[in-house]
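Undergrad: In the UniProt record's numbering, the protein residues as written are 1 to 64.
1) Can you tell me whether DSSP reads residue 13 as helix, strand or coil?
2) Taking the alpha-carbon of residue 17 as reference, which of 63, 46, 3, 64 has the nearest alpha-carbon?
3) One question on the structure: do residue 23 and residue 41 come within less than 8 Å of each other, judged by their Cβ atoms?
4) Name the residue from 43, 51, 7, 2 whose alpha carbon lies nearest to the alpha carbon of residue 19.
5) So residue 28 packs on residue 54, CB below 8 Å; how close in whole Å?
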């Protein structure tokens, strides 16, 4: 169980980083659209929430 949670947490962290990087690269371009930037921001927030929830579950699983 701990291994699965560790793997899922790591994948969620990488996904969050990827979306954040895509958003920053999009902002660096001068032709970036606001709707794409907002969509990426929403995805980043959702992925961060999922990552934190998985991390909390991992901490709870490691206590027992």
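Here a beta-carbon is modelled for each residue, glycine too, at the ideal position from N, C-alpha and C.
TA: Reading off the structure:
1) Here residue 13 corresponds to residue number 13 of the chain shown, with the count starting at 1. In the structure shown, residue 13 sits in a helix (DSSP, three-state: H, G or I).
2) Residue numbering aside, residue 17 sits at position 17 when the chain shown is read from its first letter. Per the Cα distances, 46.
3) As a position in the chain shown, residue 23 is number 23, starting the count at 1. As a position in the chain shown, residue 41 is number 41, starting the count at 1. Yes, the Cβ-Cβ distance between residue 23 and residue 41 is below 8 Å.
4) Sequence index remark: in the chain shown, residue 19 carries index 19 (1-based). Nearest option by C-alpha distance: 43.
5) Taking the first residue of the chain shown as position 1, residue 28 is located at position 28. Taking the first residue of the chain shown as position 1, residue 54 is located at position 54. The pair is not a contact, with the Cβ atoms about 30 Å apart (cut-off 8 Å).
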